[in-house]
Amino acid sequence: MSTVPRATVVSRPATRPSRSLNPLEREWSFGLLLMLPGSLFLLVFIAYPFFLGIWLSLTDSIVGNLGHFIGLQNFITLLTTDSIFQQAVRNTFVYSFVSVPFKLLLGLGLALVLNQRIPLRNVWRAALLLPWIVPTALSSLAWLLIFDSVLSPISWVLRALGLINSNIAFLGDPTLAMESLIIANVWRGIPFFAVSILAGLQAVPQELNEAAAIDGAGAWQRFVAVTLPVIRGITWITTLFSIIWTFADFQLVYVLTKGGPANATQIFGTYAYQIGLNATQIGQGAAVALYMFPFLAVFAAVLLVFVRREA
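Letter by letter, the sequence shown follows residues 392 to 702 in the working numbering.
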């Protein structure tokens, strides 16, 4: 007798009723929630002052009076008739592009030294950060004493050695004032380069150095062929960051010279402050400050392109 096969019944798992996820359980909403505090901070303390500065630069505002819209007149006046502004532009480029190479070379040298096995290496590494972590205004006051025309220890030592007959007016001479600012800025910026490059040196494979040494390569040849290619990326990034910060500097210059003598050390930051607050010309002061933006935008764009290329 033939039997008819029974149909197999496939049991399906019981479906649970769908429930809507809590907004905090959704990735996109939770991500937005985490970004909210930072976005508010950027909006209040960066975006609002920036756009307010743009608006003020297009007006003839003074302290206590919002003024009227005048378009690009402030920018045109600064560029065509204001000789002090033109000098401030030159001084800013000199101050930035003379300081940064010295910071790079001295920071690189210190990083190479501190990467060796020397006594108290960790102590020296910690001490290296002091110029960087000390508040700029405080360290600037120390440099103000060092360059003082009466109390300067440099003048005292040189007079004791019989090399000079009278104290040197470091901050009273136009040439010496800019050189003094560059020296102080280099002193402050060296730790940033040294620590950054030192971190890059930790990634240099020691096996390659040892192999190059066995092949007869000298110290300079090993540095050029092995070390430099590894630290090239961090060195360029550090240099670009330093250019941006030096270009927009204010505290060091203002404490030491306030742009003097005879505007010989006037830069974007100090001139914007003097016009905008001391002379109460808020609109022109904002225009001076905004003249920095194209240069800083170019430096930032180069930095971003380089970082993406190295990534």
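Beta carbons are placed, not taken as given, at the ideal position from N, Cα and C, and that holds for glycine.
Between which two residues does the alpha helix (DSSP H) carrying residue 456 extend? In the sequence shown, counting from the first residue as 1, residue 456 sits at position 65. Per DSSP, residue 456 belongs to no alpha helix (DSSP H) and is neither H nor E.
With the cut-off set at 7 Å, would you say residue 499 and residue 516 are in Cβ contact? Start at 1 with the first residue of the sequence shown, and residue 499 comes out as number 108. Start at 1 with the first residue of the sequence shown, and residue 516 comes out as number 125. Contact: no.
Buried or exposed, going by whether 16 or more other CB atoms sit within 10 Å of the CB of residue 685? As a first step, residue 685 is located in the sequence shown; it is residue number 294 there, counting from the start. Its Cβ having fewer than 16 others within 10 Å, residue 685 is exposed.
Going along the chain, which residues of its own chain have a beta-carbon closer than 6 Å to the beta-carbon of residue 452, five neighbours each way excluded? Locating residue 452 in the sequence shown gives position 61, counting from the first residue. These residues qualify, in order along the chain: 458, 673, 674.
Kindly indicate the opening and closing residues of the alpha helix (DSSP H) around residue 486. As a first step, residue 486 is located in the sequence shown; it is residue number 95 there, counting from the start. Taken as a continuous stretch (DSSP letters only), the alpha helix (DSSP H) holding residue 486 covers 474 to 505.
Roughly how many angstroms separate the alpha carbons of residue 400 and residue 418, rounded to a whole number? As a first step, residue 400 is located in the sequence shown; it is residue number 9 there, counting from the start. As a first step, residue 418 is located in the sequence shown; it is residue number 27 there, counting from the start. Low confidence applies to residue 400: its pLDDT is 49, below 50, so where it sits in the model is not reliable enough to give any reading.
Please name the residue in 570, 443, 551 whose C-alpha comes closest to that of residue 648. Position 257 of the sequence shown, counting from 1, holds the residue named residue 648. When only C-alpha atoms are compared, the closest one is 570.
Check whether the stretch 522 to 541 touches the stretch 609 to 625, counting contact only when three or more Cβ pairs, one atom from each stretch, lie closer than 8 Å. Too few Cβ pairs lie closer than 8 Å, so no.
Would a C-beta distance cut-off of 7 Å place residue 587 and residue 629 closer than the cut-off? Start at 1 with the first residue of the sequence shown, and residue 587 comes out as number 196. Start at 1 with the first residue of the sequence shown, and residue 629 comes out as number 238. Yes; because the gap between Cβ atoms is below 7 Å, this pair is in contact.
Hey, how far is the Cα of residue 492 from the Cα of residue 431? Position 101 of the sequence shown, counting from 1, holds the residue named residue 492. Position 40 of the sequence shown, counting from 1, holds the residue named residue 431. The alpha-carbon atoms of residue 492 and residue 431 are separated by roughly 37 Å.
By a C-beta neighbour count over all protein chains shown, 10 Å radius and 16 as the cutoff for buried, is residue 577 buried or exposed? The residue labelled residue 577 in the question sits at position 186 within the sequence shown. Counting Cβ neighbours within 10 Å, residue 577 comes out buried, since at least 16 surround it.
Unbroken alpha helix (DSSP H) runs of length 4 or more, entirely within the stretch 549 to 637: which are they? 565 to 592, 597 to 605, 610 to 613
Does the ligand HEM have a heavy atom nearer than 6 Å to the CB of residue 526? The model depicted lacks the ligand HEM and carries no ligand whatsoever.
Decide if residue 456 is buried, meaning its Cβ has at least 16 other Cβ atoms within 10 Å, or exposed. On the sequence shown, residue 456 is found 65 positions in, with the first residue counted as 1. Under a 10 Å Cβ-count criterion, residue 456 is classified as exposed, with fewer than 16 other Cβ atoms of the shown protein chains found around its own Cβ.
Nearest-angstrom Cβ-Cβ length linking residue 639 and residue 444, presumed shorter than 8 Å: Here residue 639 corresponds to residue number 248 of the sequence shown, with the count starting at 1. Here residue 444 corresponds to residue number 53 of the sequence shown, with the count starting at 1. Not confirmed; about 13 Å, so no contact.
With 16 as the cutoff for other CB atoms within 10 Å, does residue 664 come out buried or exposed? Walking along the sequence shown from the start, residue 664 turns up at place 273. Per the 10 Å Cβ criterion, buried.
Nearest to residue 579 (by Cα), restricted to the options 593, 512, 497: Along the sequence shown, one-based indexing puts residue 579 at 188. The residue with the shortest Cα to Cα distance from residue 579 is 497.
Report the three-state DSSP secondary structure of residue 538 (helix, strand or coil). Mapped onto the sequence shown, residue 538 falls at position 147. In this structure, residue 538 counts as coil in the three-state DSSP scheme.
With DSSP collapsed to three states, give me the class of residue 450. In the sequence shown, counting from the first residue as 1, residue 450 sits at position 59. Strand.
Please state whether the Cβ-Cβ distance between residue 450 and residue 466 is less than 7 Å. Position 59 of the sequence shown holds residue 450. Position 75 of the sequence shown holds residue 466. No; because the gap between Cβ atoms is not below 7 Å, this pair is not in contact.
Which of the three DSSP states, helix, strand or coil, is assigned to residue 460? Numbered from its first residue, the sequence shown carries residue 460 at position 69. Correct three-state label for residue 460: strand.
Report all residues from its chain with a CB closer than 6 Å to the CB of residue 544; omit the five preceding and five following residues, and keep chain order. Numbered from 1 along the sequence shown, position 153 holds the residue referred to as residue 544. So the list is empty, once near-sequence residues are dropped.
Just to confirm, is the Cβ distance from residue 584 to residue 495 under 7 Å? Working through the sequence shown from its first residue, we reach residue 584 at position 193. Working through the sequence shown from its first residue, we reach residue 495 at position 104. Cβ atoms of residue 584 and residue 495: closer than 7 Å.
What residue range does the alpha helix (DSSP H) around residue 513 cover? Stepping through the sequence shown from its first residue, residue 513 is reached at position 122. Unbroken alpha helix (DSSP H) run through residue 513: 512 to 519.
Compute the Euclidean distance between the alpha carbons of residue 558 and residue 426, then round it to the nearest angstrom. Numbered from its first residue, the sequence shown carries residue 558 at position 167. Numbered from its first residue, the sequence shown carries residue 426 at position 35. Their Cα atoms are separated by approximately 57 Å.
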